[in-house]
Amino acid sequence: MPGLTHPALAPIESVGRATLALVRAIGQGGYLAAGAVRALRSTDIWAPHILTQMYQIGVASLPIALFVSMFTGIVLALQASYTLTGGVPEYFVGTLVGKTMILELGPVLTGLALAGRVGASIAAELGTMRVTEQIDALETLAYDPLAYLVVPRVAAGLLMFPVVIALAITIGVVAGWVTSISLLDMGSPQFVKGLKMFFDGFDVTFAMIKSVSFGLVVTGVGSFFGFHTVGGAEGVGRATTRAVVVSTMLILVLDAFWAAALL
Amino acid sequence: MTRRRELLVGFVVLASAVVSVVGTLWLQGRGIGRTETEVHVLVNDVGQLAQGNAVKFRGVSIGRVGPIEVEPAGDAVRIHLHLMGEFLPAPDAVVLLAPESLFGDWQAEIVIRSRFPNMAFYDVPPNRRIQNGVRVLGGFTLPDLSRLTAVADEVAQNLAVLTDRFDKAFSDETAASLAQAIDNMEELTATLRTVVEEESSQISGTAEQIRIATEEIASTLAAARSSIDRLDAVLASGRVDSILDNAVAITADFRGVSGDVTSAIDRLESTLTSADSTMASLSRIAARVEAGEGSIGKLLVDSTLGLRAEDLLEQMSSLLDDIRANPRKYVRLSIF
Amino acid sequence: MLDVHKAFGNKEILKGFSLTVEDGETLSVIGYSGSGKSVMLKHIIGLMQSDRGSVHVDGKDVAALNRSGLTELRRNVGYVFQFAALFDSMTIGENVAMGLRRIPDMDEEEIEARVRECLSLVDLHDVHERYPSEMSGGMVKRAGLARAIATGPKYLLYDEPTTGLDPVTVKVIDRLNIRMKEELGVTGIVITHDMDSAYRISDRIAMLYEGKMRAVGTVEEIRNSEDPLVRAFIEGRPELMEGMS
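Chains as they are written, first to last, in my numbering: chain A, 1 to 263; chain B, 1001 to 1336; chain C, 2001 to 2245.
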């Protein structure tokens, strides 16, 4: 189409290309998701690998998750006491640490840390398998690669993210507590009073709902980019980066979504 | 290898489950394996009370507020109270729902009805007082809280300023001035009553609206009173940590009172009678303070109370002067 | 294969490719790099779907097969990948056993025995517990072959089985090819650049050029082909192609 090469049309063209790429990605994602759901039937293929993935995604991620949340708890307590001066009672430090850890920072920071750790490793592993034809090899050996590779990872993510995040929240709150009584001039009963005062059982449910959705996003996005890797080692690198960037963004978007939908 | 992984995964999952469940229960204020008594409260409306708020008895936290639901007939709200251990409420026990502090959290306090003759506690029919072995008590929610919280802000600010100044020791002089302040307050009440009597003869025709306003006053006074009771209990039990909070509450309550005085006059006499008794308990506290009872030592450090009482008196004095000077200004325009 | 078309984006790889492979024969496919040989092979086993045209195996249209049909087909087809594509998280033994585990009623002992048998067929011994990263390229390739033949397939698809191997290993693999055909009656399709090897193992040779079948015939026919393109390729003389395109 020689008549359509005017330079002024270039921006429109790039918008169109971006839109098409997005639509294609959504389509491929949906296709992958549908395939994974169908692959659930092949229990014999994925069930033996759940444990390994639960270990990889859950247990092996604990150190980073706990590290992140511990320091978050400490900083929260220090900053809360710094901010809350004047007429606000001290026990609000406990309230602030508890509420923010449970509702927001515990799930989101852990989710982001795991997006870097779990999402990247899934994308890199599946990407390497894709470019070295290992995924094709699986197919030729009559394995559904979705059942063999994607289902155990996503399932382990759904199961283990809440587990890791629950522990991370606990460590964060305990770290805030210890900080309050050791570094701040504050008693344990006050911290606990503040912690309990505005606590609502729903907070925990909310955190768990978030965690499950983050688990789905991180493992699903990692699998998606790994699965659609093209172009050798460079392609694997690109897939890994994209997986981390996209799942990070999706975590934040989902975070806002749940806050709007459930609170 | 596989076994070790199974073990680790299992351990992590179980640890997380235990931590979540135990943590949630603990934060909700429920014990595990502890006996718990459930008591229900019927009330017309619950104000700002929410699940998880403290249940108090004589100032001591004895449990938590459980689920709150509207009765099927829609004529009342049922509040479940989860009390620690075995707790048998007195036959004429009722529940007063009120703010616990000025920061928005509420409490349910189990009290004896006869102490609050002016409050319209929910009247539980005799055949519903025990349902499925659960005691059902009547409850009453202190109205007028928006006003209370509005002053709270101001009070909190005053408090901050005051506490900054109070590095001075609590001397005998200050103790004496507290007593003096309380004496003055009684005097003030008497004067106030006189003023009211004078005014009431002029406005006898507007009984109905005024009656409503008076009820508000009565309950506000009850709030003041319960605050003072709390202070009393604090002094007796040595929980001086929260004196400051209570002092704030008292000030706020008194402000509420003075605010309400401007809105109604009829039947103020009876209300003032209870105000009198409030003052009496203040007197009692003062006597105690002077006698060195309770945690006087701690109180000495925090001399806020005396000075703030004076501050309050000053405010009330000027208010009274003003009432005397322009009585009409203090009667709601809508009444006339 | 009938009139198969396949494009990736704007790039057409197969432009109406047709080929028939008879039962029991070994057919070598030659052609320049990037001419679509691997793509063609992947269509046979349903790893790729054609944009146009159809691929039939045993009279069944591969594109129309459902999941279980495809599984059934794949059990009968062994695929030897260009770079072996062994699962690097598993030992060689586990790799070879992978296909066997998909066969119902095969117990661990039978699998174990079959794995040993296949590994010794490709002259690999004592590599059971080793990981692919610990072995040389030739050994990895042979292990890939062992994995492909483990399930006893009727068809074997080889994607450059001898590229990059030393001459001795090339001979070993060629011998294995012939043995598969003669002893087990396996039908083979071999993609290769190695004409010596192609002459040794093939019944027929086909040449793929620019997405279409350029020439097909017995070893003798190809050897004596008059087509300058074919000659250029088999003799490795690019000057013969000049003026062609």
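Note that the Cβ used here is the ideal one computed from N, Cα and C, for glycine as well.
These numbers were taken from a predicted model, which means no experiment stands behind them.
Reduced DSSP category for residue i - H, G, I as helix; E, B as strand; rest coil
| i | result |
| --- | --- |
| P48 (chain A) | helix |
| E1036 (chain B) | strand |
| P107 (chain A) | helix |
| T2151 (chain C) | coil |
| T179 (chain A) | helix |
| A1073 (chain B) | coil |
| G2016 (chain C) | strand |
| R2175 (chain C) | helix |
| E2134 (chain C) | helix |
| A2206 (chain C) | strand |
| G172 (chain A) | helix |
| E1109 (chain B) | strand |
| S1020 (chain B) | helix |
Cα-Cα separation, residue i to residue j
| i | j | result |
| --- | --- | --- |
| G1052 (chain B) | D200 (chain A) | 7 Å |
| V1012 (chain B) | E2160 (chain C) | 48 Å |
| A33 (chain A) | F224 (chain A) | 9 Å |
| R1064 (chain B) | M197 (chain A) | 10 Å |
| V217 (chain A) | Y82 (chain A) | 36 Å |
| W177 (chain A) | L22 (chain A) | 46 Å |
| V1043 (chain B) | L1096 (chain B) | 10 Å |
| A1093 (chain B) | R1113 (chain B) | 6 Å |
| A123 (chain A) | A233 (chain A) | 12 Å |
| I1079 (chain B) | I1068 (chain B) | 5 Å |
| G1074 (chain B) | G220 (chain A) | 48 Å |
| D2051 (chain C) | G226 (chain A) | 25 Å |
| I1062 (chain B) | V245 (chain A) | 51 Å |
| H2128 (chain C) | Q134 (chain A) | 19 Å |
| V174 (chain A) | G73 (chain A) | 7 Å |
| A1090 (chain B) | V1111 (chain B) | 9 Å |
| S2225 (chain C) | G2144 (chain C) | 34 Å |
| T95 (chain A) | L62 (chain A) | 25 Å |
| A1264 (chain B) | Y1122 (chain B) | A caution first: A1264 (chain B) carries a pLDDT of 47, below 50, which makes its placement in the model too unreliable to give a value. |
Span of the alpha helix (DSSP H), counted from its first residue to its last, around residue i
| i | result |
| --- | --- |
| R129 (chain A) | The question names Arg, but residue 129 (chain A) in the sequence shown is Met. Segment 120-131, the alpha helix (DSSP H) holding M129 (chain A). |
| T219 (chain A) | 201-227 |
| E2235 (chain C) | 2228-2235 |
| E2108 (chain C) | 2108-2121 |
| R2067 (chain C) | 2067-2075 |
| T1141 (chain B) | It is not in any alpha helix (DSSP H) - T1141 (chain B) instead sits in the beta strand (DSSP E) that spans 1134-1141. |
| Q134 (chain A) | 134-140 |
| Q28 (chain A) | 10-39 |
| T2218 (chain C) | Segment 2212-2218 is the beta strand (DSSP E) holding T2218 (chain C); no alpha helix (DSSP H) there. |
| I64 (chain A) | 62-83 |
| I2201 (chain C) | 2195-2201 |
| I2189 (chain C) | No alpha helix (DSSP H) holds I2189 (chain C); the beta strand (DSSP E) holding it covers 2187-2191. |
Terminal residues of the beta strand (DSSP E) in which residue i lies
| i | result |
| --- | --- |
| P1067 (chain B) | 1060-1070 |
| H947 (chain B) | Residue 947 (chain B) lies beyond the stretch modelled for chain B, which goes from 1001 to 1336, so this question has no answer here. |
| L1097 (chain B) | 1093-1099 |
| F1057 (chain B) | 1054-1057 |
| M249 (chain A) | Here M249 (chain A) belongs to no beta strand (DSSP E); instead the alpha helix (DSSP H) covers 232-262. |
| G2031 (chain C) | 2026-2031 |
Proximity below 7 Å, CB of residue i to CB of residue j
| i | j | result |
| --- | --- | --- |
| G215 (chain A) | L158 (chain A) | yes |
| A243 (chain A) | V151 (chain A) | no |
| V2029 (chain C) | I2044 (chain C) | no |
| S42 (chain A) | A147 (chain A) | yes |
| L76 (chain A) | V108 (chain A) | no |
| V1009 (chain B) | V59 (chain A) | yes |
| C2118 (chain C) | A2084 (chain C) | no |
| I2201 (chain C) | I2178 (chain C) | yes |
| E2025 (chain C) | D2203 (chain C) | yes |
| G2036 (chain C) | L2014 (chain C) | yes |
| R2074 (chain C) | A142 (chain A) | yes |
Any non-hydrogen atom of the ligand ATP within 6 Å of residue i CB
| i | result |
| --- | --- |
| N2095 (chain C) | This structure simply doesn't include the ligand ATP, nor any ligand for that matter. |
Next on the checklist: For the structure I just gave you, are there three or more beta carbon pairs, one from the region 2152-2169 of chain C and one from the region 2079-2093 of chain C, closer than 8 Å?
Outcome noted: yes
Checklist entry - Would you call the region 161-176 of chain A and the region 69-85 of chain A in contact, with 3 or more CB pairs under 8 Å? => result yes
Checklist entry - Is it true that the region 2135-2150 of chain C meets the region 2168-2175 of chain C, where meeting means three or more beta-carbon pairs spaced less than 8 Å apart? => result yes
Checklist entry - Would you call the region 2055-2070 of chain C and the region 2125-2136 of chain C touching, i.e. three or more CB-CB distances under 8 Å? => result no
Checklist entry - Quick check: the region 2105-2116 of chain C against the region 2014-2021 of chain C, are there 3 or more CB pairs under 8 Å? => result no
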